Structures are given as C-alpha cells and as structure tokens.
Amino acid sequence: MGTCDIGLIGLAVMGENLVLNMESKGFRVAVFNRTVKVVEDFEAGRGKGKNFVFAKSLPDFVAALKKPRKAQIMVKAGAPVDMVIEQLIPLMEPGDIIIDGGNSLWTDTQRREKYLKEKGIHFFGVGVSGGEEGALKGPSIMPGGSAEGWKSLAPIYTKIAAQVDGEPCCRHMGTDGAGHYVKMVHNGIEYGDMELICEAYAILKATLKPTAQEFHQIFDDWNKGELDSFLIEITKNIFTKIDPETGKPMVDVILDKAGQKGTGKWTVGHAVEMGVPLSTIGAAVEARILSSMKDERVAASKVLPRPAPREFQGEDRQHFIDCVRHALYASKIISYAQGFVQLGKASEFYNWHLNFGDIATIWRGGCIIRARFLDRIKEAYERDPQLKNLLLDPFFTDIIGKTQAYWRHAVATAVTFGVPVPAFSASLAYYDSYSSAVLPANLLQAQRDYFGAHTFERVDKPPGEFFHFDWLS
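Under the numbering used here, the residue at position 343 of the sequence shown is numbered 1203, and the numbers go up by one with no gaps.
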C-alpha cells in the first residue's frame, strides 16, 4: 500500500527543490531519477533524514504512491516527456494522475491529455515559475487539466505555492493545455520586462553615463514606487557586484550576447497565428536574436554610419531619469496589455474560460514577473471581467495620460543618441496605433486590390460589403 502523497521523476535542480518544498510542507514524497546514482546522492545529501521514499526503479516509485497516484515529471521538454509517460502507463490505473511540470509546448500537452484520457488517466500540464529559489520556497503554479483531477492536486499545489496576502499563487487555469499556455505567455511577458529594463539602462548609459553605484541608486529608487518588482530588485543588486578578476563592475565584463530557450518565440508565433499584435514581446525576442549576432554587429559597427557622439545637455538629470522611468512603466503596461489580449484569444479558441483576475493574482508572488503592478491588473479585471484591453481600464488610461509626454521624450532622446530601443518604440507604436481612429491601411488595401484584386470595404457603405476597383483603366 502506497504511503506517499505525490511522486516526482527527474531530480535536476528544479525537481530537487520542488520535492524539498513539498516535504517541508508536510507531504511524503516519492522520488525517482533515470540515473539511480542521482537518487542515491540525494538520499545521502539534501534528502537525508527527510520524509521521502527514494525509489530505485519505476515500479517501486509507482508502488510508493497513494491512490489516486500522482506522478509529476520534471524532465526536458519534448520526447523525454513522452518516453516517461509510456513507461508509467502500464504501472498506473484509471483515475491516476500524470503531471508534466516542465516548459512543454501547450499543443503537446493537449495531445498527451487526449491520449491519456482514453486510458482513464488524468494528465496535467503545470506551469511552474520562480526558478530554483521559487521551486524551493514557493513558486507560482499554473495547472491545466480536468476539474476532477484538480480536486486531488489542489491540496498539494496550493500549499507549496508562494503566498501573497494569504492567497496561494496557484489557481486551476482550465482544461488540457491551459496551464502551459499561461506559463508560455508569462515567459513572453518576462522577455518583454527584461528587454524594457535593459533599454532603460541603455538610454541612461548613453546619455547620463551613470556609474554602477549611481545605477544601483536609480533602480533602488524605482523599486520603491510603481515599478516595484523582482526584476527591478535583482537589477539594482547586479550593479553592486564587482568582478574579482578585474575589479570592474560585474555587469561591465559580461558579453552582450543573450540566449533564449524558446518560450518567447512560441508566444510570438502563436500570437501571429491568432492575429494578436504582440509588438513589445516580439521586439524583445528579436533583440535577443540580434544580440547573439555579436561578431556581425562588431563588423557592421566599423562600416555603418551612426549619429556623432554628443553630450547630454540642457535638461535636469533627475528629470530625464524620471522620463525614462515613466517610459518604462508605460511600456510595461503595453506589454501586459498585449499578453492578456493573447490569453483572451486563446481562451476563446480553446474554450478554456481563463480567469484573468486569477492569472494576475498568481503572478504576484513566486514567479519571475512578480510585481506590485499586478495588483492593479487584478483590480482591473475585478472591475470588468470582460475587459477587452487593459488600456481601457480607467486606472491604466489615467497612467498612460500622465506618462505619455515623458515616454515620448525618452524614446525621442534615445533615437537622437542612436540608442536602439526596439521594445520601447514598439510599445509606443502599438499605443499610437490602438488609439488611432484612422490608420493608413486604406492605402494598403488599395495596393492589395491593385496588384491582386483582394477587394476592399468602403467608408460610405455598410461593413461586410466588398468592392474591387479597375485600377488599370
């Protein structure tokens, strides 16, 4: 008879920290890893003397679980997940639950859920955010799967999740791929947040040339206001670290060549498929790709003309720092607005019934994008659960009205100095497009009709009537 409340397969750093979290909250946990030595090392190390069952085989692992059995997989996304699922199926019974807690593509989760449902086994795709520290101390958890299966999982996940204002940063997102989809968009917003912070840094570095200590103070000040967040907090801390080899600020010896794991590209790719503008996150993804072209950029910098170096003058330094702060806040609002529009479109398409207030709630703690700002989003969806765009909520409309002039000044200054600010610019362009009653798409439609007879609607005719003009006569 099994004695464990839940089991986990895959004792890499995230998996190990998650089971330590579970055990610390009073749960008995079975652990297994394909490489048995990993289990033995955990048993002799961080797991020693704790309430675990250290399984040395998959049958022993499953036998250790209480019914309905709950087995969470924490292995590399893709084929390895399918392989573990196939190994588990013969050992499990109808009503048992298999959970994928990695960064899997939501369509893979949908496929697996349908496949296992035919065998009577529940399958959950669970987004987990917060990195190693979050996994250990309390992450943000985004579960997607059946309502019946959630009844068994809720007591565990809501207890191990981060807690904010007495509420767990965990809610049932919806059926099949909902959890992994919400986690994917979370990661896309994370891309946008990080790029926007980097662009604020780039503007100030090119214009005011702050020292590392001054940058620390700037971000420390920002973290005390509306930008209070995990990412701003770690950014201020980064500027205090010194490289022991050179004595220089650590940030100044790091190569400007960024990597990515793919969730940002998935987010942008599906937004395009659904016809959702995702310009801020798209710009952030492209910025990472461009950064990876380091050698090519260095060569181009020696050939291509750029604005002549200039000194910042004619404006109070603190005023300009405030302009950049306002630009960062306004652009951040745009990024989240776009992300929630995408979640809304996907929710309609897949019939997930996503609760946007719940999503904002669970992102307030544990995850990488946790921020004070998310309380305002939660409140916006409480005021209007059918809100089409965050920008239309009175609170955010007012913020954009107050920050707009500063935002434009910061972007214009960046352009004058030749500082690339793709995410700031894309955010502002989205705002200007979304708030414009008239766009130049009338000329675009004329072009399409001219070369391809694609037809167009007229301003003086009812919507839905299409016309073609003989442009060559």
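Don't be surprised by glycine CBs; every beta carbon is placed ideally from N, CA and C. This one's a predicted model, so the numbers in the text were calculated from it and none came from an experiment.
Where the beta strand (DSSP E) through residue i begins and ends
i: residue 882; result: Taken as a continuous stretch (DSSP letters only), residue 882 belongs to no beta strand (DSSP E), being part of the alpha helix (DSSP H) at 873-884.
i: residue 1111; result: Per DSSP, residue 1111 belongs to no beta strand (DSSP E) and is neither H nor E.
i: residue 1216; result: No beta strand (DSSP E) contains residue 1216, which is instead part of the alpha helix (DSSP H) from 1216-1222.
i: residue 913; result: 912-914
i: residue 1136; result: Segment: none, residue 1136 is in no beta strand (DSSP E) and carries neither H nor E.
i: residue 1075; result: Looking at the DSSP string, residue 1075 is not in any beta strand (DSSP E); the run it does join, the alpha helix (DSSP H), is 1072-1082.
i: residue 890; result: 889-892
Separation of residue j from residue i, as counted between CA atoms
i: residue 1042; j: residue 1026; result: 22 angstroms
i: residue 1011; j: residue 909; result: 30 angstroms
i: residue 1226; j: residue 867; result: 22 angstroms
i: residue 980; j: residue 1251; result: 44 angstroms
i: residue 1207; j: residue 1054; result: 26 angstroms
i: residue 1314; j: residue 1308; result: 6 angstroms
i: residue 1148; j: residue 921; result: 41 angstroms
i: residue 1028; j: residue 1168; result: 53 angstroms
i: residue 1177; j: residue 1101; result: 25 angstroms
i: residue 1052; j: residue 1145; result: 8 angstroms
i: residue 1289; j: residue 1326; result: 29 angstroms
i: residue 919; j: residue 956; result: 15 angstroms
i: residue 1089; j: residue 869; result: 32 angstroms
i: residue 992; j: residue 1137; result: 32 angstroms
i: residue 1069; j: residue 1199; result: 33 angstroms
i: residue 1126; j: residue 1173; result: 43 angstroms
i: residue 1092; j: residue 1323; result: 47 angstroms
i: residue 1071; j: residue 1171; result: 16 angstroms
i: residue 941; j: residue 901; result: 23 angstroms
i: residue 898; j: residue 951; result: 22 angstroms
i: residue 816; j: residue 894; result: Here the chain has residues from 861 to 1333 only, and residue 816 is not among them.
i: residue 1270; j: residue 906; result: 49 angstroms
i: residue 1150; j: residue 1320; result: 45 angstroms
Among the options, nearest to residue i - alpha-carbon criterion
i: residue 961; options: 1000, 1073 and 925; result: 1000
i: residue 1086; options: 990, 1237 and 1137; result: 1237
i: residue 928; options: 982, 947 and 998; result: 982
i: residue 1175; options: 1067, 1281 and 1051; result: 1067
i: residue 984; options: 1008, 1255 and 901; result: 1008
i: residue 1179; options: 1265, 1136 and 1150; result: 1265
i: residue 1247; options: 1231, 1230 and 1197; result: 1197
i: residue 997; options: 885, 924 and 1331; result: 885
i: residue 1094; options: 1082, 1104 and 1105; result: 1082
i: residue 965; options: 1047, 1056, 1150 and 954; result: 1047
i: residue 1115; options: 1132, 1153 and 1330; result: 1153
i: residue 1203; options: 1285, 941, 875 and 1049; result: 1049
i: residue 963; options: 1318, 1299, 1243 and 1123; result: 1123
i: residue 1035; options: 969, 1312, 1132 and 1140; result: 969
i: residue 1032; options: 1212, 1150 and 1229; result: 1212
i: residue 1239; options: 1222, 1217, 1229 and 1224; result: 1217
i: residue 959; options: 1278, 1013 and 950; result: 1013
i: residue 1317; options: 1302, 1112 and 1331; result: 1302
i: residue 1058; options: 872, 1185, 1215 and 1222; result: 1185
i: residue 1140; options: 1156, 1282 and 871; result: 1282
i: residue 1194; options: 938, 1023 and 1056; result: 1056
Limits of the unbroken alpha helix (DSSP H) element including residue i
i: residue 982; result: Run containing residue 982: none in the alpha helix (DSSP H); it sits in the beta strand (DSSP E), 982-989.
i: residue 895; result: From DSSP, residue 895 is part of no alpha helix (DSSP H); its letter is neither H nor E.
i: residue 948; result: 939-948
i: residue 1182; result: 1177-1210
i: residue 1166; result: Per DSSP, residue 1166 belongs to no alpha helix (DSSP H) and is neither H nor E.
i: residue 967; result: 966-977
i: residue 1292; result: 1282-1294
Bridge-paired residues (DSSP) for residue i
i: residue 1260; result: Residue 1260 is not bridged to any residue.
i: residue 1023; result: 1028
i: residue 932; result: 868 and 959
i: residue 1001; result: 988 and 1030
i: residue 1089; result: 1231
i: residue 925; result: 864
i: residue 1327; result: 1316
i: residue 1063; result: Note: residue 1063 sits in no beta bridge, so no partner.
i: residue 1102; result: 1109
Cβ-heavy atom distance, residue i to the ligand SAM, below 7 angstroms
i: residue 1303; result: Absence of the ligand SAM from the depicted structure is noted, as is the absence of any ligand whatsoever, leaving it without description.
C-beta neighbour in chain E for residue i, strict 8 angstroms
i: residue 894; result: Structure shown: chain E not included; a single protein chain is present.
How do the region 909-924 and the region 887-899 stand: do at least 3 beta-carbon pairs fall below 8 angstroms, yes or no? The region 909-924 vs the region 887-899: in contact.
For the region 1273-1280 against the region 1060-1069, are there 3 or more C-beta pairs whose distance is under 8 angstroms? Cβ pair count under 8 angstroms is three or more, so yes.
Taking three-plus beta-carbon pairs below 8 angstroms as touching, is the region 1004-1024 in contact with the region 1033-1041? They touch, by the three-pair rule.
The region 1162-1172 in contact with the region 1247-1263 per 3-pair CB rule at 8 angstroms: Touching, no, given that fewer than three Cβ pairs across the two stretches are closer than 8 angstroms.
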